[in-house]
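The structure appears right after this line, and notes come after that.
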Amino acid sequence: MKLSAKHSTLLLLALIIALAPIFFPSAYYFRIGSVVFVNAVAVVGIVILTGYAGQISLGHAGFSGIGGYACALAPVHLGLHPALAAVLGAVVSGVMAYLVGRPILRLKGYYLAVASLGFGILVSMVLANETAITGGPDGIKVADLGLRTLLADAGVPLTNAQFWYAFSGICLLIGSWLALNLHDSPTGRALRALHGSEIAARTVGVDVARAKVTAFVISAVYASVAGSLIALQNRMITPDVAGYMHSIEMVTMAVLGGAGSVLGAILGATILTLLPQALTVFQQYEQIMLGLVMMLVMIFMREGLLPSLTALVRGRGE
Amino acid sequence: MSLLAVEGLGIRFGGLHAVKDVGFSLKAGEIVSVIGPNGAGKTTLFNMISGVYTPGSGRVLLEGEDVTGLDPYLLARRGLSRTFQNLQIFQAMTVLENVMSGFHLRERGPVLADLFALPGSRRRSREAEEGARRLLARVGLERAAEREAGALSYGALKRLEIARALALEPKILLLDEPAAGCNAVETEEIDHLIAEVAAEGTAILLVEHDMKMVMRISNHIVVLDHGEKIAEGDPAAVSRDPRVIEAYLGAQAQESTHAHG
Amino acid sequence: MTELLQFLLSGITVGAVYALVALGFTIIYNASDVVNFAQGEFVMLGGMITVFAYKAGLPIPVAALFAILLTAAIGVAFNRVAIETARGAPVVSLIIITIGASIFIQGVAQVVFGKELHRLPSFSGDDPIRILEATILPQSFWVIGGAMVVFVGLWLFFTRTLLGRAVLATSNNRVAAQLVGINTGFVMTLSFGLSAGIGALAGVLITPITLTSYQVGIALALKGFAGAMLGGMGNPKGALIGGLMLGLLESVTAGYLSSQYKDAVAFVVILAVLFAMPQGLFGRKATERV
Chain H
1 MKLSAKHSTL LLLALIIALA PIFFPSAYYF RIGSVVFVNA VAVVGIVILT GYAGQISLGH
61 AGFSGIGGYA CALAPVHLGL HPALAAVLGA VVSGVMAYLV GRPILRLKGY YLAVASLGFG
121 ILVSMVLANE TAITGGPDGI KVADLGLRTL LADAGVPLTN AQFWYAFSGI CLLIGSWLAL
181 NLHDSPTGRA LRALHGSEIA ARTVGVDVAR AKVTAFVISA VYASVAGSLI ALQNRMITPD
241 VAGYMHSIEM VTMAVLGGAG SVLGAILGAT ILTLLPQALT VFQQYEQIML GLVMMLVMIF
301 MREGLLPSLT ALVRGRGE
Chain G
1001 MSLLAVEGLG IRFGGLHAVK DVGFSLKAGE IVSVIGPNGA GKTTLFNMIS GVYTPGSGRV
1061 LLEGEDVTGL DPYLLARRGL SRTFQNLQIF QAMTVLENVM SGFHLRERGP VLADLFALPG
1121 SRRRSREAEE GARRLLARVG LERAAEREAG ALSYGALKRL EIARALALEP KILLLDEPAA
1181 GCNAVETEEI DHLIAEVAAE GTAILLVEHD MKMVMRISNH IVVLDHGEKI AEGDPAAVSR
1241 DPRVIEAYLG AQAQESTHAH G
Chain L
2001 MTELLQFLLS GITVGAVYAL VALGFTIIYN ASDVVNFAQG EFVMLGGMIT VFAYKAGLPI
2061 PVAALFAILL TAAIGVAFNR VAIETARGAP VVSLIIITIG ASIFIQGVAQ VVFGKELHRL
2121 PSFSGDDPIR ILEATILPQS FWVIGGAMVV FVGLWLFFTR TLLGRAVLAT SNNRVAAQLV
2181 GINTGFVMTL SFGLSAGIGA LAGVLITPIT LTSYQVGIAL ALKGFAGAML GGMGNPKGAL
2241 IGGLMLGLLE SVTAGYLSSQ YKDAVAFVVI LAVLFAMPQG LFGRKATERV
């Protein structure tokens, strides 16, 4: 039986996640790998918003902040298990996205970008200033998820780095599976239709404002989950997670690899996560590189790396 | 009762009357054409009827119900569908997906079912795909189904847009220059297709420059000039109407002075 | 009363800077429909280049002029290299290009100018002037006066000169402007140069009060943008009033509510404007063409 594009993408992703550790020179790479996967989870959410629906958000880190601080605060103040706290964070993020998005997504063009930017910065300001609750700019400690101990009791002992590599890898697979399902579903077609031509989408009966809110809410939940994963993995969280630069990084990762494709976005997340690691010597040039990459890719490869390269290879093949 | 009725419709752009006090009506299975020189306000009229522009004055009635200024997606739910003069294709989607999107109103369901690819979601997608393939066959594009829509020729895109509009199974179909840029063979195919769709009971409102085609397939013709209705009637009557001849000849005369000047 | 007057005076000073940044946004937006997120970097460059030219021995007026011209040239180059090349790209791409430029310019500034704060002496000394019971720095008069000169100058330019009218015509309808023989490419160049130059001037004027560093640009861009939104995107009068109102709101908030959340005002304003009146105070409603 021939594999569908969806299944071959997932299989490829699963194989890479499972086999990459063979080539790891040191245990530190598990840690880097898990950072890549967590970033990729957030970026897959951006794929749904930007790649499918053609909307841009410059404040998605705000939702990561909500997800992250939910894991820090809900166990302490509400007595919730950290896993349930992450779910609570996702629900709060979704509701916030709905409330912010509903009035604004009726407008066109750059309005969502601006509104989301304002929203994201407000979240990071509250997190940094409400020191009594959030611990302020220095951040706050996060409870243990507890799953690693359970696994060890069940006879699967993993180091902390190995556990988070596997756990965030599985989260990425689930996130990708959902995004790929959506792509070829009625909702996904409606989102991509409004990306292609908003006016034509309306004439085939798509409630455009509602479709945009749907994409905004789903992608906010992805960002929130990524924020929760960061908090649980590091056992602490700082307001930086909600910062403007983090929002920009998410969007850049998505468009660098190719916002339209899940695999491309994961590639973008990988490159932009690894690049600073590889360039630690040139740390002061990091911003220059990031800015240059953003401009060059958008000017010369509007579709992003993966689609542009695929087109190039296909062009050669014919 | 008429399916679509337009009463006293008008709109101004920056003080200029683009369309003024236009009225006519359409019955099921009827083909009505709107003709007139360039800039007569035909596309603007279409945009008002289909909810893209909000009319400044007048009413649009769908089966007797006032739908003036409703958003296009709400009109789509009431059975009005359209194509565009300057194609509005979903370029990055495949030809098949373009037509499947026309099934949106029938295939949409809970978002969670779509995210988790639940059986209900997959069944709705499958039904839309079957319907879309039938429509592609009908417009002669079945072999291009898997291609990216952006790669198609102009004439093929015109037919793709018609297929997408037909996917809504509209009661009223607005076609804005469906044969523009098509060769003689393609024009004839579109010609047949329109007649066929009308024969099935759909009311068709047509804007078209190909006069031979208009005269051949229209039951009724509305003539616009400078945003106003100057004549209407059956093809034979309209083609004899001195005001129509003057409007067209006047425009031609102007064009030729331009060319010489 | 004294307190309020004091807040109003400082509010008008920062408001004048926001108004200039908002005006820069407006000019580029009108000429090209691009929302230039790198606008704040022009302000940073203006202040920063002046500081270094002054340190190198140039007198302040010469250093300032040099900074404004160099920044204008950078604006023009940015338009040529990035914006013109990406003509026709979707809004998402254009936004990312200008954000990329903003991050790039910041990165370069960090390497060239260093990470520390830089100061510039006031143009007319630091002795506060008393107005009723409140005080104001002489430099504030420079800021407010500079903003007034720019707004009046531009108003004359747009209403009284042929070139200014050509720019306005281009912003109303690009294709029509081309048809009547306006060189729209030149209008774009002019708009970017003008906008960058105005931003740089704002940077020159405010640096003696606020100091400057490589990362002041983002906050200024966002606040100038909030001012432009409040006034109504695309309207120079709106930019002036929106910028001033934002400055006043900020200083009153800092004075009476919380200095921590002073910076939040701009974003609350952005959200409030979008929720309640997306066209802003003086914005125009656009009709979409199909």
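Chains as they are written, first to last, in our numbering: chain H, 1 to 318; chain G, 1001 to 1261; chain L, 2001 to 2290. Virtual Cβ for every residue (Gly too), placed ideally from N, Cα, C.
- Of the other Cβ atoms in all chains shown, fewer than 16 fall within 10 Å of the Cβ of L2156(L); this residue is therefore exposed.
- For P21(H) and W164(H), the gap between their C-alpha atoms comes out near 13 angstroms.
- Restricting attention to H195(H), I266(H), A97(H), the CA atom closest to the CA of L172(H) is found in I266(H).
- Residues of chain L whose Cβ lies closer than 8 angstroms to the Cβ of P239(H) do not exist, since the nearest Cβ in that chain is about 13 angstroms away.
- Between the C-alpha atoms of L127(H) and G136(H) there is a straight-line separation of about 6 angstroms.
- The beta carbons of A1167(G) and G1120(G) sit about 20 angstroms from each other, so the pair does not count as a contact at 8 angstroms.
- The C-alpha of V43(H) is placed about 21 angstroms away from the C-alpha of I299(H).
- Within chain L, A2089, S2093 have C-beta atoms less than 7 angstroms from the C-beta of R302(H), given in sequence order.
- G2100(L) and M294(H) have their C-alpha atoms spaced approximately 5 angstroms apart.
- In terms of beta-carbon proximity, N234(H) stays away from the interface with chain L, with every pair separated by 8 angstroms or more.
- The Cβ atoms of T2098(L) and V2167(L) lie no closer than 8 angstroms to each other.
- Considering only A2266(L), T2013(L), A2022(L), the residue with the shortest C-alpha distance to I2136(L) is T2013(L).
- With 16 or more other CB atoms across the displayed protein chains lying within 10 angstroms of its CB, Y1053(G) is buried.
- A straight-line Cα-Cα distance of about 6 angstroms links I1011(G) and A1018(G).
- The criterion of a C-beta distance shorter than 8 angstroms is satisfied by T2050(L) and L2120(L).
- The DSSP-derived three-state label of I2218(L) is helix.
- Neighbours of T2085(L) in chain H, taken as residues at a C-beta separation under 9 angstroms, are given in chain order as I299, F300.
- In this structure, the straight-line span from the alpha carbon of L272(H) to that of L2205(L) is close to 38 angstroms.
- At a cut-off of 8 angstroms between beta-carbon atoms, G45(H) makes no contact with chain G.
- If you check the CB distance, I1035(G) and I1221(G) come in under 8 angstroms.
- Within chain H, no C-beta atom comes nearer than 7 angstroms to that of V2265(L); the closest sits roughly 10 angstroms away.
- With a threshold of 8 angstroms between beta carbons, Y2261(L) makes contact with chain H.
- Beyond the five residues adjoining it in sequence on each side, H195(H) comes within less than 7 angstroms, by CB distance, of Y52, A53, G54 in the same chain, given in chain order.
- S1153(G) has a beta carbon lying at 8 angstroms or more from every beta carbon in chain H.
- If only uninterrupted alpha helix (DSSP H) runs of at least 4 residues are considered, those enclosed by the stretch 2200-2277 of chain L are 2216-2231, 2236-2252, 2264-2276.
- Taking 8 angstroms as the CB threshold, Q277(H) stays off the interface with chain L.
- Against chain H, the beta carbon of Q2039(L) has no neighbour under 8 angstroms; the closest one sits roughly 13 angstroms away.
- Using a Cβ-Cβ cut-off of 7 angstroms, Q2106(L) is close to Q287 of chain H, given in chain order.
- Taking 8 angstroms as the threshold, the shortest C-beta distance from V208(H) to chain G falls below it.
- If you ignore the 5 residues before and after S1218(G), its C-beta comes within less than 6 angstroms of the C-beta of I1031, S1033, P1235, all in its own chain and listed in chain order.
- Annotated three-state conformation of M1048(G) is helix, per DSSP.
- In the displayed model, M236(H) falls within a strand according to three-state DSSP.
- Counting other Cβ atoms within 10 Å of its Cβ, N2183(L) stays below 16 and is therefore classed as exposed.
- Judged by DSSP secondary structure, R106(H) falls outside any beta strand (DSSP E); it is assigned neither H nor E.
- For F1084(G), there is no enclosing alpha helix (DSSP H), as DSSP marks it with neither H nor E.
- Apart from sequence neighbours up to five positions away, no residue of its chain approaches D2263(L) with a beta-carbon distance below 6 angstroms.
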